[in-house]
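Working notes, beginning with the structure itself.
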Amino acid sequence: MRLRALLETDALGLRLLGGQDELDRTVRGVMTTDLRDPSRYLSGGELVLTGLAWRRDASDSEPFVRILAGAGVAGLAAGEAELGDIPADLVEACDHHRLPLFAVHETVAFATITEHVVRQVSGERAGDLAAVVDRHRRLMTSGPAGGGPEVVLDLLTSDLDLRAWVLSPTGRQIAGAGTPLPGPLGATLAGHHLAATRTGRRAPHRAAVAGTTYSLFPIRNTGRGAVPAARDVRESVLSDWLLAVEADASDWPAARLDLLQGVTQLIAVERDRREAARTVRRRLAQEVLELVQAGAAPAEIAARLRVAAPVLLPGLGVAPQWQVVVARVDWTAADATAPGGVPGDIAGGPVAQALLEEILVDPAVSGPDSADRIAVAHTGEEAIALVPLPAGPTPLPDTVGDATDTDADADAGLPADGDGAVRETGTRAPAAAGAGTGAGAKPGTVAAPTAAPQDPALHADALLAAVREPLSAGLADDGRLTLGVSAAVHSAEGLRGALEEARHARRVAAARPGRVCAAGHHELASHVLLLPFVPDDVRRAFTARLLDPLRDYDRRHRAELIETLEAFLDCDGSWTRCAARLHLHVNTLRYRVGRIEQLTGRDLSRLEDKLDFFLALRMS
Numbered sequence: 159m160r161l162r163a164l165l166e167t168d169a170l171g172l173r174l175l176g177g178q179d180e181l182d183r184t185v186r187g188v189m190t191t192d193l194r195d196p197s198r199y200l201s202g203g204e205l206v207l208t209g210l211a212w213r214r215d216a217s218d219s220e221p222f223v224r225i226l227a228g229a230g231v232a233g234l235a236a237g238e239a240e241l242g243d244i245p246a247d248l249v250e251a252c253d254h255h256r257l258p259l260f261a262v263h264e265t266v267a268f269a270t271i272t273e274h275v276v277r278q279v280s281g282e283r284a285g286d287l288a289a290v291v292d293r294h295r296r297l298m299t300s301g302p303a304g305g306g307p308e309v310v311l312d313l314l315t316s317d318l319d320l321r322a323w324v325l326s327p328t329g330r331q332i333a334g335a336g337t338p339l340p341g342p343l344g345a346t347l348a349g350h351h352l353a354a355t356r357t358g359r360r361a362p363h364r365a366a367v368a369g370t371t372y373s374l375f376p377i378r379n380t381g382r383g384a385v386p387a388a389r390d391v392r393e394s395v396l397s398d399w400l401l402a403v404e405a406d407a408s409d410w411p412a413a414r415l416d417l418l419q420g421v422t423q424l425i426a427v428e429r430d431r432r433e434a435a436r437t438v439r440r441r442l443a444q445e446v447l448e449l450v451q452a453g454a455a456p457a458e459i460a461a462r463l464r465v466a467a468p469v470l471l472p473g474l475g476v477a478p479q480w481q482v483v484v485a486r487v488d489w490t491a492a493d494a495t496a497p498g499g500v501p502g503d504i505a506g507g508p509v510a511q512a513l514l515e516e517i518l519v520d521p522a523v524s525g526p527d528s529a530d531r532i533a534v535a536h537t538g539e540e541a542i543a544l545v546p547l548p549a550g551p552t553p554l555p556d557t558v559g560d561a562t563d564t565d566a567d568a569d570a571g572l573p574a575d576g577d578g579a580v581r582e583t584g585t586r587a588p589a590a591a592g593a594g595t596g597a598g599a600k601p602g603t604v605a606a607p608t609a610a611p612q613d614p615a616l617h618a619d620a621l622l623a624a625v626r627e628p629l630s631a632g633l634a635d636d637g638r639l640t641l642g643v644s645a646a647v648h649s650a651e652g653l654r655g656a657l658e659e660a661r662h663a664r665r666v667a668a669a670r671p672g673r674v675c676a677a678g679h680h681e682l683a684s685h686v687l688l689l690p691f692v693p694d695d696v697r698r699a700f701t702a703r704l705l706d707p708l709r710d711y712d713r714r715h716r717a718e719l720i721e722t723l724e725a726f727l728d729c730d731g732s733w734t735r736c737a738a739r740l741h742l743h744v745n746t747l748r749y750r751v752g753r754i755e756q757l758t759g760r761d762l763s764r765l766e767d768k769l770d771f772f773l774a775l776r777m778s
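According to this note's numbering, the sequence shown is numbered sequentially starting from 159.
Shown next, in the form of structure tokens:
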């Protein structure tokens with residue numbers, strides 16, 4: 159409630175002595191005190207009632223008011239029963255700190271004011287809160303002009319003094335009023351929500367982060383026209399939005415909880431609208447995918463891409479490059495005794511489709527749906543994304559795709575290229591690669607100095623960096639997400655090779671441990687491709703033969719032979735660079751390497767032995 163409302167209530171007998179311009183401040187509670195320093199009991203937003211027993215002389219008023227203002231109280235009400243008129247020094251101090259000051263008539267008990275404020279802030283607000291929801295329902299049902307979720311969040315802030323944000327299942331902010339929620343905080347809250355949902359706890363869920371309490375409400379449309387509830391929570395847990403409210407709802411009255419549930423239903427209407435808007439993009443992706451998998455002619459595929467490009471990249475003018483991303487969500491058999499668990503398998507395709515649409519959105523982007531340039535289809539248990547990229551520098555030829563049809567590409571408005579594909583080579587190096595060095599260049603060869611172009615391509619690790627924590631919470635102990643990313647292609651015939659490349663990369667990711675794993679196309683031409691498929695018993699035997707003698711020696715003598723071996727290989731066998739890295743004299747390094755060779759019977763000057771040590775370290 160507002161201070162103005164207190165002043166307008168005749169039964170309270172309040173008289174304003176200062177702060178006319180601050181009467182729109184919100185009162186969240188009442189605190190009565192005669193302590194000289196009550197700061198430890200203040201949290202902000204209170205109307206402070208005092209009988210002035212703390213005041214001995216005029217010098218006491220300034221520090222007392224300064225403490226109240228620093229604590230963020232809404233106002234000060236001083237009783238006239240003790241001193242009669244309110245001292246001028248208190249009025250002056252409140253005016254200096256812009257703190258509203260009221261005089262309480264001696265016939266009005268502080269208990270009367272306290273009871274009135276508490277009643278207004280809690281129970282009697284139910285009618286006003288319902289009016290807020292009803293007002294926004296009219297806004298939302300009037301169509302897009304209603305303003306979307308931002309409008310209802312603005313109302314929550316202005317009418318209920320609640321800061322709230324709508325978050326995706328990965329913690330990305332979809333809507334908010336006022337200050338944006340920091341990305342890491344959003345991911346943490348989403349993780350709390352997903353973990354609580356998976357354990358079957360009843361919403362709203364409570365999360366305390368950095369000393370602030372948040373209440374987390376699932377956003378589901380349970381009204382008219384709502385989609386039937388999922389038979390298993392795992393079918394929807396990774397696609398539902400949530401409402402994060404900066405407040406502890408554990409002690410809210412039923413009326414306020416019902417109100418917030420109504421708000422989530424209103425926001426769910428907007429979510430359903432956005433879901434319906436994805437239908438066109440999904441259909442485009444499905445049509446292209448079917449043509450690619452059926453082995454259709456490049457000209458036919460290119461024609462479909464030409465239709466898709468204006469939808470996914472309005473105003474681009476020419477067809478872009480494309481990348482293919484394949485994702486799969488696998489669940490173990492549900493436990494019928496677990497919360498939300500039912501017998502039977504769960505269709506992974508739709509879950510992976512919704513999740514991939516979310517993952518491909520830039521986590522730094524909020525506001526209107528920024529997934530409007532992503533087309534995701536699902537087939538069987540896989541979700542397959544066709545991601546357009548802005549046209550970049552002219553690429554070097556590549557080998558993705560097994561046919562050339564430059565005439566067909568030219569007819570379709572696509573750039574022609576002899577092999578129909580582009581990898582991230584010298585002109586499109588991955589972020590982790592050295593700038594200006596081509597992937598196919600000889601070691602030590604450096605390209606001519608040029609300005610490094612911006613790389614718009616997707617990278618497997620970067621896709622999951624911001625979402626790994628919340629998704630791991632949602633997958634819990636029985637779910638797994640694996641994802642593969644192809645190289646960029648810029649011709650129709652390259653799409654088939656890109657699809658197979660992304661699928662192979664996903665299988666590499668699936669061979670790794672962890673709940674959320676990804677692999678990129680560059681790993682398909684590396685030893686990394688082979689290591690995950692080595693049986694565990696072979697791994698253990700291989701690494702034990704080479705590394706156990708060194709580990710045993712390190713335990714007995716603290717000789718750091720394993721660390722020395724890793725550094726020596728990482729420095730390509732350079733004695734001087736390795737000694738500098740380890741802060742050792744070269745002679746000391748030679749002694750350690752000699753000890754490694756003696757213990758293992760290997761020769762670190764031989765390429766074969768270096769390779770065996772390298773693989774053993776990678777698999778250990």
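By construction, the Cβ of each residue, glycine as well, lies at the ideal position given by its N, Cα and C atoms. All of these numbers come straight from a predicted model, not from anything done at the bench.
For residue 639: DSSP bridge partner residues: The residue labelled residue 639 in the question sits at position 481 within the sequence shown. Partner(s): 487 and 674.
Burial state of residue 196, where buried means 16 or more other Cβ atoms lie within 10 Å: Counting from 1 along the sequence shown, the entry for residue 196 is found at position 38. Counting Cβ neighbours within 10 Å, residue 196 comes out buried, since at least 16 surround it.
Determine which residues share a DSSP beta bridge with residue 266 and list them. Locating residue 266 in the sequence shown gives position 108, where the first residue counts as 1. In the DSSP output, where bridge partners are listed per residue, residue 266 has none listed.
The beta strand (DSSP E) spanning residue 373 covers which residue range? Counting from one through the sequence shown, the residue named residue 373 turns up at place 215. That run of the beta strand (DSSP E) goes 370–377.
On the CB-based measure, 16 or more other CB atoms within 10 Å of its CB, does residue 696 come out buried or exposed? Within the sequence shown, numbered from 1, the residue matching residue 696 stands at position 538. Exposed, because fewer than 16 other Cβ atoms sit within 10 Å of the Cβ of residue 696.
Residue 667 versus residue 541 - alpha carbon distance: By one-based count along the sequence shown, residue 667 stands at place 509. By one-based count along the sequence shown, residue 541 stands at place 383. Computed Cα separation, rounded: 15 Å.
Write down the C-beta distance between residue 149 and residue 174 rounded to the nearest angstrom, noting that I regard them as a contact closer than 8 Å. Nothing can be reported for residue 149: it is not among the residues displayed for the chain, which extend from 159 to 778.
Just to confirm before moving on: does the CB-CB distance between residue 271 and residue 193 stay below 8 Å? Taking the sequence shown and counting its residues from 1, the one referred to as residue 271 is at position 113. Taking the sequence shown and counting its residues from 1, the one referred to as residue 193 is at position 35. Cβ distance not < 8 Å, so residue 271 and residue 193 don't count as in contact.
Indicate whether the contact test is met: 3 or more Cβ pairs, each with one atom in the region 411–426 and one in the region 306–318, closer than 8 Å. These segments touch.
List the endpoints of the continuous beta strand (DSSP E) containing residue 468. Taking the sequence shown and counting its residues from 1, the one referred to as residue 468 is at position 310. Note, residue 468: premise wrong, no beta strand (DSSP E); alpha helix (DSSP H) at 456–470.
Rounded to the nearest angstrom, what separates residue 486 and residue 637 at their Cα positions? The residue labelled residue 486 in the question sits at position 328 within the sequence shown. The residue labelled residue 637 in the question sits at position 479 within the sequence shown. Those two C-alpha atoms are separated by around 10 Å.
Under three-state DSSP, which class holds residue 308? Working through the sequence shown from its first residue, we reach residue 308 at position 150. If DSSP states are grouped into helix, strand and coil, residue 308 belongs with the helices.
Three-state secondary structure (DSSP) of residue 189: Taking the sequence shown and counting its residues from 1, the one referred to as residue 189 is at position 31. If DSSP states are grouped into helix, strand and coil, residue 189 belongs with the strands.
CB of residue 229 within 8 Å of CB of residue 264, strictly: Walking along the sequence shown from the start, residue 229 turns up at place 71. Walking along the sequence shown from the start, residue 264 turns up at place 106. No, Cβ-Cβ distance for residue 229 and residue 264 is not below 8 Å.
For chain C, is any of its Cβ atoms less than 8 Å away from the one on residue 746? Among the protein chains of the structure shown there is no chain C, as only one such chain exists.
For residue 740, which three-state DSSP category applies? Translated into positions along the sequence shown, residue 740 becomes position 582. Helix, per DSSP.
How is the beta strand (DSSP E) around residue 250 delimited, first residue to last? Locating residue 250 in the sequence shown gives position 92, counting from the first residue. Unbroken run through residue 250 is the alpha helix (DSSP H), 246–254; no beta strand (DSSP E).
How would you label residue 357, buried or exposed, when you count the other beta carbons within 10 angstroms and need 16 or more for buried? Here residue 357 refers to the residue found at position 199 of the sequence shown. Under the 10 Å beta carbon count, residue 357 is surrounded by fewer than 16 other beta carbons and is classified as exposed.
Using the Cα positions of residue 525 and residue 628, report the straight-line distance between them to the nearest angstrom. Taking the sequence shown and counting its residues from 1, one reaches residue 525 at position 367. Taking the sequence shown and counting its residues from 1, one reaches residue 628 at position 470. Residue confidence is low: residue 525 scores 47 on pLDDT, short of 50, so the model does not pin down where it sits. Its coordinate-derived value is still stated next. Each residue's Cα considered, the two are about 20 Å apart.
Would you list the residues sitting across from residue 536 in a DSSP beta bridge? Locating residue 536 in the sequence shown gives position 378, counting from the first residue. DSSP output for residue 536 lists 541 as bridge partner(s).
In terms of DSSP beta bridges, what is residue 242 paired with? As a position in the sequence shown, residue 242 is number 84, starting the count at 1. According to DSSP, which records beta bridges pairwise, residue 242 is partnered with nothing at all.
For residue 214, does the three-state DSSP call read helix, strand or coil? Reading the sequence shown from its first residue, position 56 is the one you call residue 214. In the structure shown, residue 214 sits in coil (DSSP, three-state: anything other than H, G, I, E or B).
Do the region 392–399 and the region 501–516 touch if we need at least three Cβ pairs shorter than 8 Å? Under the 8 Å Cβ criterion, the region 392–399 counts as touching the region 501–516, having at least three qualifying pairs.
Are residue 646 and residue 451 closer than 8 Å when you measure CB to CB? Taking the sequence shown and counting its residues from 1, the one referred to as residue 646 is at position 488. Taking the sequence shown and counting its residues from 1, the one referred to as residue 451 is at position 293. Contact flag unset, no.
Classify residue 322 as helix, strand or coil using the three-state DSSP reduction. Residue 322 sits at position 164 when you count from the first residue of the sequence shown. Strand.
Residue 518 and residue 545 - do their beta-carbons sit closer together than 8 Å? Reading the sequence shown from its first residue, position 387 is the one you call residue 545. Reading the sequence shown from its first residue, position 360 is the one you call residue 518. Yes, the Cβ-Cβ distance between residue 545 and residue 518 is below 8 Å.
Own chain, CB closer than 6 Å to residue 183, minus 5 neighbours either side, in chain order: Translated into positions along the sequence shown, residue 183 becomes position 25. Taken in chain order, the residues that qualify are 161 and 232.
Under 8 Å, do residue 663 and residue 679 count as touching if we go by C-beta distance? The sequence position of residue 663 within the sequence shown is 505, counting from 1. The sequence position of residue 679 within the sequence shown is 521, counting from 1. The answer is yes: Cβ separation under 8 Å.
Where does residue 411 land, buried or exposed, given buried means 16+ other C-beta within 10 angstroms? On the sequence shown, residue 411 is found 253 positions in, with the first residue counted as 1. Residue environment for residue 411: exposed (fewer than 16 other C-beta atoms within 10 angstroms of its C-beta).
Given this structure, state the Cα-to-Cα distance separating residue 693 from residue 713, to the nearest angstrom. By one-based count along the sequence shown, residue 693 stands at place 535. By one-based count along the sequence shown, residue 713 stands at place 555. Cα to Cα, the separation comes out at about 28 Å.
Less than 8 Å between the CB atoms is what I'm expecting for residue 625 and residue 328, so what's the real figure, rounded? Translated into the one-based positions of the sequence shown, residue 625 becomes position 467. Translated into the one-based positions of the sequence shown, residue 328 becomes position 170. Rounded to whole angstroms, the Cβ separation of residue 625 and residue 328 is 4 Å, and the two are in contact under 8 Å.
Please classify residue 721: does DSSP put it in a helix, a strand, or coil? For the purposes of this step, residue 721 is identified with residue 563 of the sequence shown, where counting begins at 1. In the structure shown, residue 721 sits in a helix (DSSP, three-state: H, G or I).
Sequence-distant residues of the same chain with beta carbon closer than 6 Å to residue 599, five excluded per side: Your numbering for residue 599 matches position 441 in the sequence shown. Residue placement at residue 599 is flagged as unreliable, the pLDDT there being 37, under the threshold of 50; a coordinate-derived value is accordingly withheld.
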